[in-house]
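Have a look at the structure below before the remarks.
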Amino acid sequence: MKNRIYQSLFLGLTSAIAASASYALISPRMTESAISVNTIVTPSIYDAAADFLSDTTPQIQYPLIVDYQVKSGESLSSIFSKFDLSKTTLNDITASEAGHSLVDLDVGDMVQLKITAPGELEHLVYKKNPIDTLIATRSETGYDVQIISAPIDKEIATVQGTISDSLFLDAKRAGLPDKLIMKLVDIFAWDIDFAENLKDGDQFTVVYEKFLVEGKQVYTGDIVATEFTNKGKTFAAIRYKDEDGNSTYYTPQGKGMKKTFLSSPVDFARVSSLFNMHRRHPILNTIRAHKGVDYAAAIGTSVKTVGNGKIIFRGTQNGYGNVIIVQHGEKYTTLYGHLSGFADSQAVGSEVSQGDVIGYVGQSGLATGPHLHYEFRIDGVHQDPLAVNLPESFAVSEKFLADFKAQTQPFIDKLNQATAATPDIKVDTLVAQKKS
Ligand SMILES: [Zn+2]
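Put into structure tokens, the structure is as follows:
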């Protein structure tokens, strides 16, 4: 798909250049009929040109314009040799700062060459990406190499959906790009347990940026505002760029979305056993407190540390099997048991950041099936991770509140427009914001 966008942009650009330079555009297919029997061509040009010339006559009429697609194992140097262009020409172009990007061409990249006579390159056009195009033109002294950037337009798009299958399927169906589905999970990770608590009928609205060149989307930007109604409760998040230029998500009231701990250490897993002080143990068959929460997930599923901290234990303990304990600040520890393995790059004493993968779901120790056993302790006392009141987050500071409101109001308006058209969505949070 990327290639198709890419190629059509390239061809569009080719025609624009052809028109402005007042020479006839010869597309690869048209070149076939443009071959003249009177022009002599060297065998190497013939080999390279064979891809687009079905004519067996080894003769080419100049000027030759080639739209060349880079194949596996090729470099600009090997392409130049195919077309009998000299090392001097190659060096003249790649020596400049702008021309240096030609050194690492990727498979599928398009390079246009205009060759006016054997060994004579008049120009080279290389579409670096959907935005930037490199143009090298022969001059008195060598080659002028410049990069031309197409003007980029920004558009705000809105996507809405309702949960009936899974967040992935329903968001995809609604038209939300994949990377934004993951972003949505990240933004609400502290409020919504996507693993356990998603319900049919939950609704989401996502307002995000799209970047376009000549009306065609070249890349997806970030989420600027979003709302998720989970089991009748609505959460909203708005992006705000702070004084250092960092983008962070806040509630419409300016409270941070990121809290000290994630609500779940495994993405998209089901809670299979709750915190219960009087549980009958499935293997020991005795009443024994279950001082944590179990998440059923396939062996090898990533386990993430729910908060910043330091690994204080990593090894084997009787019933827990392979287990990791992370210390978060003074008061908090979390424990992850029955693992199949540990993250390679860490050890006891390693500092870990919230969301870092520390190990993998397994069935080690006393476990009837693959799952993660997860414990949360405050001052050494076990708490129910699903019920504990977690510490709050940072808010927009008082002095930036006016700027925050000014910056985020247009996004809040977009969200409101979208949700107003969908009466099922509760807009309490946003109404509260409007009144304030
Ligand atoms: Zn357990």
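Using our numbering, you'd call the opening residue of the sequence shown number 32 and step up by one each time. Glycine included, every Cβ here is placed at the ideal spot set by N, Cα and C.
For residue 182, the closest of 248, 103, 379 by C-alpha to C-alpha distance is 248. Contact fails between the region 406-416 and the region 371-391, because fewer than three Cβ pairs, one in each stretch, are under 8 Å apart. Distance between residue 155 and residue 242, taken at the CA atoms: about 27 Å.
For residue 204, no beta strand (DSSP E) segment is defined; the enclosing uninterrupted segment is the alpha helix (DSSP H) at 198-205. In terms of Cα proximity to residue 185, the closest of 245, 213, 226 is 245. Using a cutoff of 8 Å, the CB of residue 415 does not count as near ligand 1, since none of the ligand's heavy atoms is closer than that. For residue 226, same chain residues with a beta-carbon under 8 Å away, outside a window of 5 residues either side, are 295, 297, 298, 299, 300, 301, 302, 326 in chain order. Three or more beta-carbon pairs separated by less than 8 Å are not found between the region 261-280 and the region 198-208, which leaves the two stretches without contact. DSSP, read as helix, strand or coil, puts residue 114 in coil. In this structure, residue 209 lies away from residue 261, with their beta-carbon atoms at least 9 Å apart. Look at residue 295: its beta carbon is at least 8 Å from all of the heavy atoms in ligand 1. The Cβ-Cβ distance between residue 193 and residue 234 falls below 9 Å. Relative to ligand 1, even the nearest heavy atom lies 8 Å or more away from the CB of residue 131.
The region 380-399 makes contact with the region 326-336; the number of CB pairs closer than 8 Å reaches 3 or more. Of 350, 394, 398, 159, the smallest CA-CA separation from residue 179 is found for 159. Here residue 448 is exposed: its Cβ has fewer than 16 other Cβ atoms, across all protein chains shown, within 10 Å. Excluding its 5 nearest sequence neighbours in each direction, residue 329 has C-beta neighbours in its own chain below 8 Å: 392, 401, listed in chain order. Rounded to the nearest whole angstrom, the CA to CA distance from residue 174 to residue 277 is 40 Å. Around the CB of residue 122, fewer than 16 other CB atoms lie within 10 Å, so the residue is classed as exposed. In its chain, beyond the 5 residues on either side, 356, 406 have a beta carbon closer than 6 Å to the beta carbon of residue 366. Annotation for residue 321 indicates a beta carbon within 8 Å of some heavy atom of ligand 1. A distance criterion of 8 Å places the beta-carbon of residue 393 beyond contact range of ligand 1, judged by its closest non-hydrogen atom. Within the model, the alpha-carbon separation for residue 441 versus residue 195 is close to 30 Å. Look at the region 101-157 and you find these whole runs of beta strand (DSSP E), each 3 residues long or longer: 141-148. The Cβ-Cβ distance between residue 143 and residue 97 falls below 9 Å. In this structure, the alpha-carbon of residue 289 lies about 23 Å from that of residue 323.
A distance criterion of 8 Å places the beta-carbon of residue 390 beyond contact range of ligand 1, judged by its closest non-hydrogen atom. Looking only at 104, 111, 368, 344, the smallest Cα-Cα distance to residue 382 is reached by 344.
Checking the 8 Å criterion, the Cβ of residue 404 is within range of a heavy atom belonging to ligand 1. Boundaries of the beta strand (DSSP E) around residue 163: 163-169. Rounded to whole angstroms, the separation of the alpha carbons of residue 91 and residue 106 is 24 Å. Its chain contains 320 as the residues whose beta carbon lies nearer than 7 Å to that of residue 308, once the 5 sequence neighbours on both sides are disregarded; these appear in chain order. The beta carbon of residue 324 sits closer than 8 Å to at least one heavy atom of ligand 1. Taking 9 Å as the cut-off, the beta carbon of residue 403 is found no closer than this to the beta carbon of residue 314.
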